Each structure stands twice: as C-alpha cells, then as structure tokens.
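Notes to accompany the following structure.
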Amino acid sequence: MFVGPTILHADLDAFYASVEQLLNPALRGRPIAVGGSAHGGVVLAASYEAKAFGVQGGMPGWRAARLCPELVFVRGNFTRYQPLADQVMDILGDVTPAVQRISIDEAFLDVSGSVHLFGPPGVIGAHLRERVRAEVGLAISVGAARTKHLAKVASQVAKPDGLVVVEPEREREFLDPLPVALMWGVGPVTRQHLADRGIHTIGELGRATPGMLRSLLGPAAGERLHALAHNTDPRRVSAGQRARSVGAQSALGRREPTAELVRAVLGHLAERVGGRMRAKERAGRTITVRVRFAGMRSVTRSVTLGAPVSSTLTITEVAERLAWQAIGDQGEPVPEVSLLAISVSNLGPQRGVQLELPLGTEDPWRPGSAPGSARWALDASMDAARARFGKDAVGYLPATLGRGAGVPDDFRELAEKDLG
DNA sequence: TCTGGGGTCCTAGGACCC
DNA sequence: TCTGGGGTCCTAGGACCC
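In structure tokens, the structure reads:
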C-alpha cells in the first residue's frame with residue numbers, strides 16, 4: 001500500500017471564462033466576464049486577465065466594469081459547459097474509479113490504488129493535466145496530498161494552470177504561512193472573527209486551542225477548523241451521494257407582492273422543483289419558502305407534511321400559504337419583494353400514484369383543487385409533453401415574469417444539473 | 001449603479017416523549 | 001409534590017461553497 005499524497009483535487013481554471021476563450025480565440029488574453037453587463041446583472045465568472053483587476057464571480061456588473069474598463073462582457077454559451085466538463089471528468093476517471101465530483105468543474109480522486117499502474121501521484125497529476133490540455137483544450141490545476149482538505153488547498157495554491165504535491169513530511173511547512181481564508185469553510189465572517197483574535201494564517205490557527213475555537217465559532221465549526229489546521233480531517237473520497245434538497249428561486253427586482261404575481265412566480269418555481277423531483281423519482285416532506293424583501297433582508301417559512309409530496313399543484317398551494325405568512329408577518333405597509341424561492345427537503349423515494357390532498361381542506365373535490373390521482377395524472381402529462389416537445393411546450397410563465405429576469409434559462413439548466 | 005441560482009451544514013429554542 | 005436527563009423532530013436563521 002502506497003503511503004503518501006494519494007488524494008488529488010483537480011479544478012478547472014476559471015472554467016466558464018476559459019471555455020469562452022477556447023470557443024472564441026479573439027477573447028484569449030483579454031479580461032472577460034461571463035454574464036452581467038456594465039449596467040447591471042451579476043458576473044458569473046471572470047477570466048484570469050479580469051481577476052488581475054479584482055473582478056470576481058458574484059460581483060455586480062457595473063462594479064466589475066469600474067474595476068476594469070477594458071472588460072469584455074460575454075453572454076455565455078451555457079449549453080457548451082456541461083459536455084466539456086463531462087469530457088474532463090471522463091479523463092479523470094481513466095486513472096481511478098474513485099472520483100468524487102463536487103461541482104461542475106472540480107473533483108477529488110483517490111489514487112492509492114493506481115500508483116502501481118501509473119506512478120506516484122505527482123506523475124498522475126501531471127499526466128491528467130497534459131491530457132485535459134491536449135484533448136479538451138482547457139487548463140486544470142491539480143493538488144495532491146494526504147487528505148482531501150489539504151489537496152484542495154494545494155490545488156488553489158497551484159492555480160493558475162499548476163500542480164502542487166504536498167509530501168507528508170512537509171505539510172506543516174506548506175500550510176503554516178497560508179492565509180486562513182484558503183481553508184474550506186472559512187468565509188468572510190469567520191475570517192473576520194479570526195482576524196479579531198489576531199489569527200491570520202493557518203499556522204496561527206493551529207496554535208489556537210480547540211476550546212477557544214469552539215467558543216468563537218461553535219462546537220462543530222471549531223472542531224472542524226482545528227482538525228483542518230492540524231490536517232487530521234478524516235473525510236474520505238466517496239463517489240455518489242444523494243441530494244438532500246431540491247430548490248428553485250427567482251429574483252424579481254422590486255415588486256409589489258400582488259396575489260397574481262405571487263401565484264405566478266410560485267407556480268413557476270413549483271413546476272421546476274416538482275418536475276425535477278419527479279424526474280428523479282423523489283418526493284419530500286418539508287417545504288420551505290424564502291421571501292427576500294427590497295433591501296436584501298429575507299425570511300423563511302417552512303412546514304413539514306405528514307407524507308412526501310412532489311406534485312406541482314401541492315407544492316404551489318403550500319408555498320403560497322407560506323409566502324403570505326412570511327409577507328403578512330412583516331406588518332404594514334406591505335413591503336416590496338425582490339425574490340421568491342421554494343425548496344423541498346426531507347427527501348425520500350416517490351412511488352406510484354400519491355395521495356396528495358389539497359392542504360387545509362377536508363374535501364379534495366373542492367372547486368379549484370384536484371385530488372391526488374388527478375394531480376398525479378396532470379403532472380405526468382405535463383412531464384411527458386415537456387419531454388417530447390421541449391421545456392417551454394407546456395406550463396405557464398406569465399408575461400410579467402418573462403422580462404428582466406437576468407439569468408438565461410440555459411444557466412438555470414446548468415445550475416440544477418445533478419452531479420451526484 | 002443595486003446585488004443570480006443551485007446547494008450543504010450548523011445552531012438555537014421549543015415541543016414532545018420516555 | 002413543582003421538577004431530572006436524554007433523545008428526536010421541527011422551525012427559523014445564517015455561514016459557506018460553486
């Protein structure tokens with residue numbers, strides 16, 4: 001058994017932006033942003049040339065344009081991303097079946113069983129990088145180490161277009177000078193909390209007592225950070241994990257929450273969520289609605305039902321009730337709404353015709369509602385029509401929603417892709 | 001000039017049960 | 001009489017990741 005840095009983390013560099021530069025040579029070497037515009041919207045990804053100016057994914061377009069006046073905004077060929085990423089994952093899978101994909105563009109590999117065939121992890125990493133470059137045309141960075149967390153840190157350090165192998169006897173030397181923000185799970189809030197205690201590097205974090213970290217960050221986060229800093233995190237590479245929730249959301253700008261608007265948006269979201277659950281033969285007991293108000297404050301309301309549901313109509317009805325509860329709790333005057341979201345969790349298998357009854361009514365034949373079997377038949381025919389004629393063939397998306405919703409549908413398709 | 005869309009995990013308080 | 005301890009589930013909120 002090979003003992004050493006047998007966990008690899010492989011991560012495509014600036015993936016969406018790199019694909020755009022691959023597809024359009026005129027964009028190569030230039031600062032580009034995928035998504036957004038100089039006037040609005042959100043940048044989904046930035047090329048390294050743009051990152052040099054401080055442009056980052058998630059940033060409003062107008063701010064990105066101010067940071068980098070030559071920035072080129074491209075709309076994004078969203079349908080091209082998934083196949084290219086899949087092609088890369090296939091290459092990774094050629095050296096080991098133990099590939100855990102954690103997003104569209106990155107994966108962990110356990111190569112402990114592969115070293116006798118392909119050589120040490122550093123050689124495997126270099127080989128994978130060459131193949132991805134030659135066969136797909138993209139740069140991928142690879143980190144190799146004894147644990148997942150350290151491999152991920154190593155790939156971040158390797159970027160752009162690099163390979164970093166952390167030998168076991170040099171782990172401390174490698175980790176200690178790095179900023180805490182490179183650690184998985186340390187975001188802006190935690191980084192600030194640590195900075196307030198004079199902790200800026202992973203080395204400094206390693207010298208903090210577990211008790212101090214627990215009281216500062218809570219038991220779980222404190223424990224985990226302590227383990228990460230000492231590189232004793234035990235997580236293994238595991239292929240295939242089921243989703244724990246299915247959700248959809250829609251940003252609305254600022255809108256007065258009329259009955260028509262709320263019903264239309266929630267109906268549309270429920271259709272997306274329900275359709276995806278039915279496609280996976282899953283159903284869920286807990287339905288959560290999030291309402292974000294103008295000013296970005298948001299509240300959630302949820303309910304757990306006695307039985308799992310996946311019908312569009314049932315989800316719509318429950319979601320509507322929850323949304324009005326959330327809005328009503330804000331008091332007068334009724335605030336403007338900037339986003340609605342539905343998520344279904346507590347998932348389990350969905351089998352056969354469900355007995356989904358309209359909530360809050362004893363009589364399933366109440367006008368305007370449908371009994372369980374009718375709901376199931378309705379969903380089934382809608383799903384079938386969509387499968388045959390395309391996703392826009394049926395269902396309803398009122399004209400009031402059609403415009404101004406910033407994100408292309410192709411991106412939604414991509415974002416909802418099941419990676420399990 | 002005004003902030004996307006998809007997720008995971010954790011915490012705290014309360015209800016409820018034994 | 002007036003109050004123990006443990007466990008589970010639910011709800012709301014928040015940090016974080018890609």
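Just so we're aligned: 409 in full-length UniProt numbering is position 409 of the first sequence, and the numbers increase by one with no gaps anywhere. Yeah, the Cβ is synthetic: ideal placement off N, Cα and C, and Gly gets one too. Quantities reported herein were computed from a predicted structural model and do not represent experimental measurements.
Item                                                                                                             : Value
DSSP three-state assignment for I202, whether helix, strand or coil                                              : helix
Burial state of Q21 (16 or more Cβ within 10 Å)                                                                  : buried
Cβ-based burial, A46 [other Cβ within 10 Å; buried from 16]                                                      : buried
Three-state secondary structure (DSSP) of L178                                                                   : coil
Environment of E173 [buried if 16+ CB atoms lie within 10 Å]                                                     : exposed
Close-in-space but distant-in-sequence residues of the same chain around S310 (CB under 6 Å, 5 per side omitted) : G274, M277, R278, A283, Q350
Beta-carbon gap between L175 and G203 smaller than 8 Å                                                           : yes
Contained beta strand (DSSP E) runs [length at least 3] in the segment 306–355, N- to C-terminal order           : 337–349
W376 burial status per 10 Å Cβ neighbour count (16 or more: buried)                                              : buried
As assigned by DSSP and simplified to three states, the class of Q249                                            : strand
Rounded separation between P132 and L138 - CA only                                                               : First, the amino acid is wrong: residue 132 is Val here, not Pro. Distance between the alpha carbons of V132 and L138: 6 Å.
Where A239 falls: helix, strand or coil (DSSP)                                                                   : coil
Other residues of its chain near A85: CB distance less than 8 Å, five sequence neighbours each side excluded     : L12, F15, I104, D105
Nearest residue (CA-CA) to S343, options V318, C68, K148, S114                                                   : V318
Pair within 8 Å by beta-carbon distance, S112 and I124                                                           : no
Whole-angstrom distance between E256 and G328, CA atom to CA atom                                                : 13 Å
Pairwise C-alpha distance: E413 and R242                                                                         : 19 Å
For V142, the residue or residues it bridges with in DSSP                                                        : A10, L163
Cα-Cα separation, E135 to P177                                                                                   : 36 Å
Run of the beta strand (DSSP E) containing D110, from where it starts to where it stops                          : 106–110
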